[in-house]
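Asks:
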Amino acid sequence: MIEVSGLSKEFKIYKKYEGFKGAVKSLFSSEYSVKKAVDDMNFHIDEGESVGYIGVNGAGKSTTIKMMTGILTPSHGYCKVNGLVPYENRKVNAKNIGVVFGQRTQLWWDLPVSESMNILRDIYDIPHAQFKSKLGYLKELLGLGEFYLTPVRNLSLGQKMRADFAASLLHEPKVLFLDEPTIGLDLLVKDNIRSAIRHVNETMKTTVILTTHDLADIEEICSKIIVIDDGKKVYEGSVADLKKQYNKYKLVKFELKPGQTVSNNSLFNASSDDIQTIVENDYITVQFLRDKFEIADIVSTVLSKFQIRDITIEEQGMEDIVKAIYQRK
Ligand SMILES: Nc1ncnc2c1ncn2[C@@H]1O[C@H](COP(=O)(O)OP(=O)(O)OP(=O)(O)O)[C@@H](O)[C@H]1O
Ligand SMILES: [Mg+2]
Numbered sequence: 125m126i127e128v129s130g131l132s133k134e135f136k137i138y139k140k141y142e143g144f145k146g147a148v149k150s151l152f153s154s155e156y157s158v159k160k161a162v163d164d165m166n167f168h169i170d171e172g173e174s175v176g177y178i179g180v181n182g183a184g185k186s187t188t189i190k191m192m193t194g195i196l197t198p199s200h201g202y203c204k205v206n207g208l209v210p211y212e213n214r215k216v217n218a219k220n221i222g223v224v225f226g227q228r229t230q231l232w233w234d235l236p237v238s239e240s241m242n243i244l245r246d247i248y249d250i251p252h253a254q255f256k257s258k259l260g261y262l263k264e265l266l267g268l269g270e271f272y273l274t275p276v277r278n279l280s281l282g283q284k285m286r287a288d289f290a291a292s293l294l295h296e297p298k299v300l301f302l303d304e305p306t307i308g309l310d311l312l313v314k315d316n317i318r319s320a321i322r323h324v325n326e327t328m329k330t331t332v333i334l335t336t337h338d339l340a341d342i343e344e345i346c347s348k349i350i351v352i353d354d355g356k357k358v359y360e361g362s363v364a365d366l367k368k369q370y371n372k373y374k375l376v377k378f379e380l381k382p383g384q385t386v387s388n389n390s391l392f393n394a395s396s397d398d399i400q401t402i403v404e405n406d407y408i409t410v411q412f413l414r415d416k417f418e419i420a421d422i423v424s425t426v427l428s429k430f431q432i433r434d435i436t437i438e439e440q441g442m443e444d445i446v447k448a449i450y451q452r453k
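Residue numbers (our numbering): 125 to 453.
#1: Where do the ends of the alpha helix (DSSP H) carrying Val313 lie?
#2: To the nearest angstrom, how far is it from the Cα of Thr436 to the Cα of Lys348?
#3: Under three-state DSSP, which class holds Ala253?
#4: Can you check whether the CB of Leu208 is closer than 8 Å to the CB of Lys133?
#5: Relative to the alpha-carbon of Asn405, which residue among Gly194, Gln411, Val386 and Phe271 has its alpha-carbon at the smallest distance?
#6: Is the beta carbon of Leu275 less than 8 Å from the beta carbon of Asp246?
#7: Can you find the residues in the same chain that come closer than 8 Å, C-beta to C-beta, to Gly226, ignoring five residues on each side of it along the sequence?
#8: My guess is that Ala290 and Leu266 are in contact by the Cβ rule of under 8 Å, so how many angstroms apart are they, rounded?
#9: Under 8 Å between the Cβ atoms of Arg322 and Asp341?
#10: Per DSSP, what are the beta-bridge partners of Phe392 in this structure?
#11: Can you tell which of Gln431, Val237 and Pro297 has the C-alpha that lies nearest to the C-alpha of Gln283?
#12: With DSSP run on the structure shown, which of helix, strand or coil describes Asp288?
#13: Just to check, is the beta-carbon of Thr330 closer than 7 Å to a non-hydrogen atom of ligand 2?
#14: With a threshold of 7 Å, establish whether the CB of Phe135 neighbours any heavy atom of ligand 1.
#15: Quickly, what does DSSP pair Gln227 with across the bridge? List them, please.
#16: Identify whether Gly130 lies in helix, strand or coil by the three-state DSSP scheme.
#17: Buried or exposed: Ile402, going by 16 or more other Cβ atoms within 10 Å of its Cβ?
#18: Could you round the C-beta distance between Lys416 and Asp398 to whole angstroms and report it? I think they count as a contact, below 8 Å.
#19: Please identify the residue among His295, Val376, Leu231 and Phe167 whose C-alpha is closest to the C-alpha of Lys256.
#20: In three-state DSSP terms, what is Val332?
#21: Report the rounded CA-to-CA distance for Pro297 versus Leu334, giving the unit in angstroms.
#22: Pull the bridge partners of Met165 from the DSSP assignment, please.
#23: Extract the residue ranges of the beta strand (DSSP E) inside the segment 203-227, only unbroken runs of 3 or more that lie entirely within it.
#24: Just the C-alpha distance for Glu439 and Gly179, rounded to the nearest angstrom, thanks.
#25: What residue range is occupied by the uninterrupted beta strand (DSSP E) comprising Glu296?
#26: Got a sec: does ligand 2 put a non-hydrogen atom nearer than 7 Å to the Cβ of Lys160?
#27: Would the beta-carbon of Lys185 be found less than 7 Å away from any heavy atom of ligand 1?
#28: I'd like to confirm something about Gly176: is its beta-carbon nearer than 7 Å to some heavy atom of ligand 1, or not?
#29: What number of angstroms, rounded off, separates the C-alpha of Ser129 from the C-alpha of Asn278?
#30: Can you check which of these residues, Phe392, Ile449, Gly146 and Tyr248, is closest to Ser428 by C-alpha distance?
#31: Could you check whether Ile408 and Val299 sit closer than 8 Å to each other, using their CB atoms as the reference points?
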């Protein structure tokens with residue numbers, strides 16, 4: 125469904141100078157540096173998959189999405205979406221894809237939501253019966269009824285996002301690109317948008333690619349993740365595999381009573397992958413494989429050697445695994 129091969133995007137960044145004189149100088153300067161926003165990216169996404177495309181700020185996520193939606197042309201390499209090269213076939217491609225950029229709206233600012241939908245019906249040439257049933261379905265799914273006749277500029281962020289999401293699906297696209305679809309939303313609206321995305325992915329077999337900084341989005345929607353850093357892919361795998369990894373470990377954190385010295389890290393005799401001890405100020409943290417060690421043994425070992433003020437037990441979550449991937453690069 126989506127093929128990305130050697131995809132790269134370079135931006136020329138012209139040198140700027142400070143102050144008024146600098147601004148004038150900047151106008152005539154031709155000095156620039158090159159920023160590789162996306163650098164030799166390769167991946168493949170099958171029909172019906174839901175993929176989380178994640179990375180730190182500035183990693184190149186939006187730039188990749190923009191090339192896959194035809195807004196930007198790559199500097200090298202290519203991508204194909206549903207057999208088409210998006211930036212060479214923008215009009216035909218637009219019929220196959222739906223796009224939501226969480227940071228801005230595709231709706232008409234001064235018109236009611238209803239009118240935006242009517243305009244989109246005409247743009248996409250959607251048959252009357254399809255439009256009616258699709259709209260009915262989306263209004264119900266996303267609760268658009270209460271603000272359907274309100275001008276877009278008067279909508280709250282959450283209402284706007286729900287309307288935007290509905291607008292992206294009217295023409296029944298085969299692929300849905302979502303760039304931070306839950307940014308700035310409250311928990312209830314996030315939940316609504318997430319279950320709507322999942323519903324569309326499951327019932328219509330719509331392929332979904334989404335970027336997000338909220339890993340709960342990934343957990344609840346995606347079957348696969350691609351992690352990028354500095355324009356390059358650093359991890360690709362199924363969310364199920366990731367979950368297996370983070371369900372493997374448990375953490376126990378001991379707070380020591382002051383004045384004790386912990387001499388070394390050899391509290392436990394085991395290979396370092398199975399169990400790790402981190403000593404920091406007045407804390408000892410033990411991370412261990414949950415099926416190899418009993419938590420009671422770990423606790424009694426530490427209690428027999430140190431005076432403890434407090435104990436906390438933590439499950440390792442997706443955040444920790446992803447943080448480790450970000451740090452490992
Ligand atoms: N039009 C542009 N001109 C110059 N540089 C750009 C342009 N667009 C993006 N960049 C640079 O390319 C890099 C990648 O940007 P991009 O917006 O793709 O990141 P991102 O992963 O979406 O980040 P975020 O999580 O903050 O949205 C950044 O360093 C950014 O400054
Ligand atoms: Mg972005």
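Backbone N, C-alpha and C fix where the C-beta goes; we use that ideal spot for every residue, glycine too. Here the structure is a predicted model, which is why all the values come from computation and not from measurement.
Replies: On the basis of the data shown:
#1: Here the alpha helix (DSSP H) through Val313 covers Leu311 to Met328.
#2: 32 Å
#3: helix
#4: no
#5: Val386
#6: According to the sequence as given, residue 275 is Pro; it is not Leu. No, the pair does not count as a contact, with Cβ atoms beyond the cut-off.
#7: Met285, Leu302, Asp303, Glu304, Pro305, Thr306, Ile307 and Gly308
#8: 5 Å
#9: Contact flag unset, no.
#10: DSSP lists no partner for Phe392.
#11: Val237
#12: helix
#13: Thr330: no, Cβ never under 7 Å from ligand 2.
#14: Of the heavy atoms belonging to ligand 1, at least one sits nearer than 7 Å to the Cβ of Phe135.
#15: Answer by DSSP bridge pairing: none, since Gln227 is not bridged.
#16: Three-state DSSP puts Gly130 in a strand.
#17: exposed
#18: Correct: roughly 5 Å between the Cβ atoms.
#19: His295
#20: strand
#21: 15 Å
#22: Leu131
#23: Here the runs fully enclosed are 221-225.
#24: 23 Å
#25: First-last for Glu296: undefined, no H or E at that position.
#26: No.
#27: yes
#28: no
#29: Approximately 42 Å between the Cα atoms of the pair.
#30: Among Phe392, Ile449, Gly146 and Tyr248, the Cα nearest to that of Ser428 belongs to Phe392.
#31: no
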